[in-house]
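Student: Protein chains in written order, with our numbering: chain A, 225 to 686; chain B, 137 to 435.
Don't be surprised by glycine CBs; every beta carbon is placed ideally from N, CA and C.
Please read all numbers here as calculations on a predicted model, not as lab measurements.
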Amino acid sequence: MLLYPRLPAPTARILIGEMADADLDELRRRSATKHPACIYSPTGGNRVDEREIATLRTLLRDIADDCGYPREVNPTERVRFDQLTGAALHKDMRIVPADSAEPGVWAFLTCVVVPDIACWRFPRRTHERLDGGARNALRRLWWRVHLLDSPAQELTSLLGEDELVQIMERPQSVLGNPRVARPFARIHVSVCEELGITGRMRVLRDGAKRLLRLSALIALDALDDQSLEAVARTLLVEAGIALGETDGQISHLANLHLLIRGTDHEKAELSADDRPLRSAQRAAVPDVGAEDPEGDVDTAGGSALETIGAGDMWSIPLSRLRLAIVQAVQHGCPRLDALVDDVATRLGVDPRAIGEAGQRHIMTLARNAQRRGWIDVDDDTTELRFRAEPSGSAVEDGQLMHHSLAQIAAVVVGRSNGDDLAETADAVVETLGDAPPAGITAREIVADLRQELQAAISRGHD
Amino acid sequence: VTRIVALPYLTADPNRVAPGAWIGTDGQRVDLLPDWDYGTEVRVTRALEIDLEGVREDCSLERSARLAITVVWRATRTAARGALPATVLPAAADHWAGEIRLQLDGAELGGELRLMTRLVLATVGNEPQPLAPHLVGSVLWEDRHTILLEGGGARFPMEVVDFAAARLPAAGAAWYLHWPREDLHQPVMGALRLYVNDGHPMMRALLNGELTEDLSAGVVSTMRYDAVRSLVTAVLADDEFVEDPMLYQDGSVGALLRRLLNAYWPDQSVISLRNHATSRPEAFNSELQERMRLLRLTD
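1) Between residue 388(B) and the rest of its own chain, which residues show a CB-CB distance below 8 Å, the 5 nearest in sequence each way excluded?
2) Assuming residue 301(B) contacts residue 233(A) (C-beta within less than 8 Å), just tell me the rounded distance between them.
3) Given 7 Å as the limit, tell me if residue 316(B) has its C-beta closer than that to any heavy atom belonging to the ligand MN.
4) Please report the residue range of the beta strand (DSSP E) in which residue 278(B) lies.
5) Across which residues does DSSP place residue 218(B) in a beta bridge pair?
6) Between the beta-carbon of residue 354(A) and the beta-carbon of residue 277(A), is there less than 8 Å?
7) For the pair the stretch 198-207 of chain B and the stretch 163-174 of chain B, tell me if three or more CB-CB distances fall below 8 Å.
8) Measure the Cβ-Cβ separation of residue 190(B) and residue 152(B) and say whether it is below 8 Å.
9) Please work out which residues of its chain come closer than 7 Å, Cβ to Cβ, to residue 238(A), disregarding the five sequence neighbours upstream and downstream, and give them in chain order.
10) Note down, in chain order, every chain B residue with its Cβ under 7 Å from the Cβ of residue 241(A).
11) I'd like the span of the beta strand (DSSP E) that includes residue 145(B), first residue to last.
12) Could you please give the first and the last residue of the uninterrupted beta strand (DSSP E) stretch that includes residue 186(B)?
13) Quick one: is residue 445(A) near chain B, going by C-beta distance under 8 Å?
14) Reducing DSSP to helix, strand and coil, say where residue 367(A) ends up.
15) With distances taken between CB atoms, is the gap from residue 242(B) to residue 214(B) smaller than 8 Å?
16) Between residue 242(B) and chain A, is any beta-carbon pair separated by less than 8 Å?
17) To the nearest angstrom, how far is the alpha carbon of residue 432(B) from that of residue 354(B)?
18) Please work out which residues of its chain come closer than 8 Å, Cβ to Cβ, to residue 271(B), disregarding the five sequence neighbours upstream and downstream, and give them in chain order.
19) Quick check on residue 396(A) - is its C-beta less than 8 Å from some C-beta in chain B?
20) Let me check one thing: in DSSP terms, what residues is residue 204(B) bridge-paired to?
21) Give every residue of the same chain whose Cβ lies closer than 6 Å to the Cβ of residue 233(B), excluding the five residues on either side of it in the sequence, and list them in chain order.
22) Exposed or buried, which one is residue 298(B) when buried takes at least 16 other CB atoms within 10 Å?
23) Using a Cβ-Cβ cut-off of less than 9 Å, give me the residues of the stretch 262-279 of chain B that come near chain A, in sequence order.
24) Going along chain B in order, which residues have a C-beta closer than 8 Å to the C-beta of residue 403(A)?
25) Could you tell me which chain A residues have their CB closer than 7 Å to the CB of residue 295(B), listed as they occur along the chain?
26) So if I threshold CB-CB distances at 8 Å, which residues from the stretch 298-317 of chain B count as touching chain A?
27) Mind checking residue 496(A): buried by the 16 CB within 10 Å criterion, or exposed?
28) DSSP has residue 400(B) in a bridge; who is on the other side?
29) Going along chain A, which residues have a C-beta under 7 Å from residue 245(B)?
30) How is residue 271(A) classed by DSSP in three states: helix, strand or coil?
31) Counting contacts by CB-CB distance shorter than 8 Å, is residue 357(A) in contact with chain B?
32) Count the other CB atoms within 10 Å of the CB of residue 394(A); is the residue buried (16 or more) or exposed (fewer)?
33) Please report the straight-line C-alpha distance between residue 417(B) and residue 374(B), rounded to a whole angstrom.
34) Three or more beta-carbon pairs under 8 Å between the stretch 341-351 of chain A and the stretch 361-375 of chain A, yes or no?
35) For the stretch 247-266 of chain A against the stretch 332-340 of chain A, do three or more pairs of beta-carbon atoms, one drawn from each stretch, fall closer than 8 Å, so that the two count as touching?
36) Measuring straight from C-alpha to C-alpha, what distance separates residue 407(A) and residue 430(A)?
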């Protein structure tokens with residue numbers, strides 16, 4: 225393994241300033257295989273010699289020439305240049321990850337060895353592409369090959385630039401683990417292909433969010449390959465369906481699939497066909513908490529729980545939990561401090577069995593509903609009630625909440641009563657009452673739901 | 137930073153697991169590996185005792201549910217991440233005591249090595265209870281430990297360079313602090329660096345070990361003070377930082393500065409510090425000297 229020279233950041237800044245106006249010929253003339261300011265890591269490995277740097281430079285120049293250098297680079301050539309360069313750097317530099325994480329190494333290669341090629345590839349010549357940070361013209365290519373490619377499969381050549389960026393820009397998360405990132409990327413490509421999805425990028429982004437949320441609860445890094453693949457597949461299918469990226473024929477199959485083994489959330493998404501509801505539902509997802517360096521998220525949001533997804537094991541108890549909270553509020557509910565006991569009773573569970581985590585969770589769900597404007601908590605008495613007149617986005621939220629509650633209730637009741645839809649609808653109306661505050665009644669929602677489900681079933685029979 | 141995650145299932149009381157310290161090859165607890173470089177493997181072990189019966193009770197798990205122990209590791213500098221394959225604990229046992237061993241290739245590592253020991257659900261029981269964890273891999277108990285690799289350098293990266301050759305603004309200066317004033321979210325390891333001028337006679341003598349002990353300690357003390365003073369003064373003028381210093385993730389420059397402020401002024405909020413630093417900069421500077429024990433080499 226080889227140690228590379230490191231260009232100090234202040235020096236890189238000066239050189240980048242000088243590169244701003246120089247034409248490509250001039251930059252090629254300035255190209256060098258050493259710089260007097262360079263320093264090396266004090267330990268580990270042999271220093272690369274100038275001859276080897278010159279060889280690397282020739283290699284990069286050949287690739288660039290092959291991709292149209294010095295002509296203005298087009299999108300196809302850019303992709304090709306990135307693929308070939310990534311593979312070449314990873315194979316020929318013989319640099320260890322620890323050294324490759326050092327910005328000075330990449331600043332040296334970019335600003336000293338191949339400034340011409342870097343400025344050709346990124347004609348806007350922004351600092352972030354030229355200094356040694358994570359988005360450096362060359363560094364990002366080395367790292368994506370390191371994370372994703374294996375002798376068995378070169379995933380970087382199957383993914384688009386946007387998709388690679390999605391995966392690479394979360395290095396501190398569970399996606400920084402090749403054992404997770406590789407199957408996730410591979411299955412993403414195959415799920416999109418199987419379902420005939422065109423907008424792959426959005427599916428990946430949504431799927432990655434789902435994965436990160438799940439990583440707060442599940443030690444994904446420690447799952448065996450088979451379980452990991454199953455989780456990735458579930459999340460990505462959910463993402464694809466939730467985003468409505470499937471074409472007519474496939475969505476029909478997907479609907480069928482969901483009716484047979486979908487989660488509540490999938491079903492809710494499936495039947496929420498009018499735009500305001502869908503957008504509200506989507507908007508409800510991101511506000512559940514910020515990602516932290518572990519890739520974990522604060523799972524305090526109720527909607528996050530519905531979207532967790534991996535299999536439908538979660539959905540029954542959680543739906544019941546939410547339903548119990550709503551029942552508690554609707555039926556002249558308790559005060560905030562009495563909520564846990566009330567909910568436990570409705571769940572048929574000994575309040576002591578809920579435990580601290582369960583209590584925290586119930587309170588978080590209630591607080592979350594308050595934050596969204598679904599319910600009010602009286603500060604003095606801590607009394608809970610549905611908002612009398614929700615306004616603005618809260619109207620949509622209120623509809624959304626009732627809509628999804630009806631769905632949840634339908635599924636919960638449906639599961640215990642078999643699949644009799646009429647019976648389900650009546651049971652739901654009975655459970656929720658028929659006077660929700662946001663101008664849409666449970667009966668209407670259930671009628672819609674019933675129509676949806678019946679239509680989906682008859683499509684499935686065609 | 138305490139982050140409360142409301143898990144949607146029951147978890148174990150932390151006292152059900154008695155974790156031993158992470159132990160290095162020398163048999164001592166490891167928080168810091170001062171002589172580490174990436175040619176060196178990291179080998180650590182820890183003993184664990186788990187009250188399995190208690191965990192099952194806390195989580196409403198049946199006896200048929202199996203548990204496993206795993207370690208997820210992550211290196212901040214390389215962003216490398218991986219996990220020890222899960223050890224599935226014996227079925228139906230009430231108690232487990234054992235040791236876990238972690239051996240990592242140094243070439244993947246750098247910065248801080250974060251270790252998360254996790255007790256997870258390995259197999260779901262026959263009839264899962266409501267609120268009990270239902271998914272394989274659900275985290276029931278977790279413990280985190282950080283090992284600092286590369287000693288002091290990981291906390292405050294430093295580099296020796298000839299200022300004239302590096303074309304730094306003032307070739308005659310003794311040191312130069314480079315930091316991302318405009319983006320405090322950047323990682324300390326990549327973005328913050330103190331360059332020491334190899335072309336400066338006193339600095340070169342310091343680096344070559346040619347100064348007396350007192351003189352060398354005095355120079356280092358002054359250098360530290362100067363670096364911290366520039367960082368702290370600038371960051372207290374940064375509105376985004378002052379508004380929400382908790383915004384910055386561990387390992388970022390913003391988080392380092394938050395910790396510095398908290399270390400030297402544990403009793404003051406960032407906002408009141410800003411007021412203090414702007415209204416009475418002289419007092420603020422001399423307080424910092426006192427708190428950093430500037431040039432107090434012996435006592």
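Tutor: Judging by the given coordinates:
1) To locate residue 388(B), count along the second sequence from 1; it is residue 252. Here the set comprises 320, 321, 322, 323 and 324.
2) Residue 301(B) sits at position 165 when you count from the first residue of the second sequence. Residue 233(A) sits at position 9 when you count from the first residue of the first sequence. Between residue 233(A) and residue 301(B) the Cβ distance is about 15 Å, and since that is not below 8 Å, they are no contact.
3) Looking for the ligand MN in the displayed structure turns up nothing, as the structure carries no ligands at all.
4) Taking the first residue of the second sequence as position 1, residue 278(B) is located at position 142. Per DSSP, residue 278(B) belongs to the beta strand (DSSP E) from 275-285.
5) Along the second sequence, one-based indexing puts residue 218(B) at 82. Bridge partners of residue 218(B): 209(B).
6) In the first sequence, residue 354(A) corresponds to position 130, counting from 1. In the first sequence, residue 277(A) corresponds to position 53, counting from 1. Taking 8 Å as the Cβ cut-off, residue 354(A) and residue 277(A) do not qualify as a contacting pair.
7) no
8) As a working mapping, residue 190(B) is identified with position 54 in the second sequence. As a working mapping, residue 152(B) is identified with position 16 in the second sequence. With respect to residue 152(B), residue 190(B) sits close: the two C-beta atoms are nearer than 8 Å.
9) Along the first sequence, one-based indexing puts residue 238(A) at 14. Counting only Cβ-Cβ distances below 7 Å, and skipping sequence neighbours, we find nothing.
10) Start at 1 with the first residue of the first sequence, and residue 241(A) comes out as number 17. Chain B residues near residue 241(A): none, gap ~11 Å exceeds 7 Å.
11) As a position in the second sequence, residue 145(B) is number 9, starting the count at 1. For residue 145(B), there is no enclosing beta strand (DSSP E), as DSSP gives it neither H nor E.
12) By 1-based counting over the second sequence, the position of residue 186(B) is 50. Taken as a continuous stretch (DSSP letters only), the beta strand (DSSP E) holding residue 186(B) covers 178-186.
13) Counted from its first residue, the first sequence places residue 445(A) at position 221. Against chain B, the CB of residue 445(A) has a partner CB under 8 Å away; the residue lies at that interface.
14) Counted from its first residue, the first sequence places residue 367(A) at position 143. Residue 367(A) carries a helical assignment under DSSP once its states are collapsed to helix, strand and coil.
15) As a working mapping, residue 242(B) is identified with position 106 in the second sequence. As a working mapping, residue 214(B) is identified with position 78 in the second sequence. No.
16) On the second sequence, residue 242(B) is found 106 positions in, with the first residue counted as 1. Yes, its Cβ sits closer than 8 Å to a Cβ of chain A.
17) Working through the second sequence from its first residue, we reach residue 432(B) at position 296. Working through the second sequence from its first residue, we reach residue 354(B) at position 218. Whole-angstrom Cα-Cα distance: 8 Å.
18) Along the second sequence, read from residue 1 onward, the residue named residue 271(B) stands at position 135. So the qualifying residues of the chain are 257 and 260.
19) The residue labelled residue 396(A) in the question sits at position 172 within the first sequence. True, the Cβ-Cβ gap to chain B drops below 8 Å.
20) Here residue 204(B) refers to the residue found at position 68 of the second sequence. In the DSSP output, where bridge partners are listed per residue, residue 204(B) has 224(B) and 256(B).
21) Residue 233(B) sits at position 97 when you count from the first residue of the second sequence. Counting only Cβ-Cβ distances below 6 Å, and skipping sequence neighbours, we find 185.
22) Residue mapping note: residue 298(B) aligns to position 162 of the second sequence, counting from 1. Buried is the call here.
23) If the cut-off is 9 Å between Cβ atoms, the stretch 262-279 of chain B has 264, 265, 266, 267, 268, 269, 270, 271, 272, 273, 274, 275 and 278 near chain A.
24) What you label residue 403(A) is simply residue 179 of the first sequence in a count that begins at 1. Ordered by position in chain B, the residues that pass the 8 Å Cβ test against residue 403(A) are 218 and 219.
25) Here residue 295(B) corresponds to residue number 159 of the second sequence, with the count starting at 1. Within 7 Å Cβ-Cβ: 232 and 263.
26) 298, 301, 302, 303, 304, 305, 312 and 314
27) Counted from its first residue, the first sequence places residue 496(A) at position 272. At residue 496(A), the pLDDT of 41 sits below 50, so the modelled position is not reliable; the number obtained from the coordinates is stated separately. The C-beta of residue 496(A) has 16 or more other C-beta atoms within 10 Å across all chains shown, which makes the residue buried.
28) Walking along the second sequence from the start, residue 400(B) turns up at place 264. Residue 400(B) is not bridged to any residue.
29) The count along the second sequence starts at 1 and reaches residue 245(B) at position 109. 322, listed in chain order.
30) Here residue 271(A) is taken as the residue at index 47 of the first sequence, counted from 1. Reduced to three states, the DSSP call for residue 271(A) is strand.
31) Translated into the one-based positions of the first sequence, residue 357(A) becomes position 133. It does: the Cβ of residue 357(A) has a partner Cβ on chain B nearer than 8 Å.
32) For this step, residue 394(A) is matched to residue 170 along the first sequence. By the Cβ neighbour-count rule, residue 394(A) is buried, with 16 or more other Cβ atoms within 10 Å of its own.
33) Here residue 417(B) corresponds to residue number 281 of the second sequence, with the count starting at 1. Here residue 374(B) corresponds to residue number 238 of the second sequence, with the count starting at 1. One C-alpha to the other measures close to 16 Å.
34) Because the criterion of three Cβ pairs below 8 Å is met, the stretch 341-351 of chain A and the stretch 361-375 of chain A touch.
35) Yes, they touch.
36) Looking up residue 407(A) in the first sequence gives position 183. Looking up residue 430(A) in the first sequence gives position 206. Straight across, the Cα-Cα distance linking residue 407(A) with residue 430(A) is about 16 Å.
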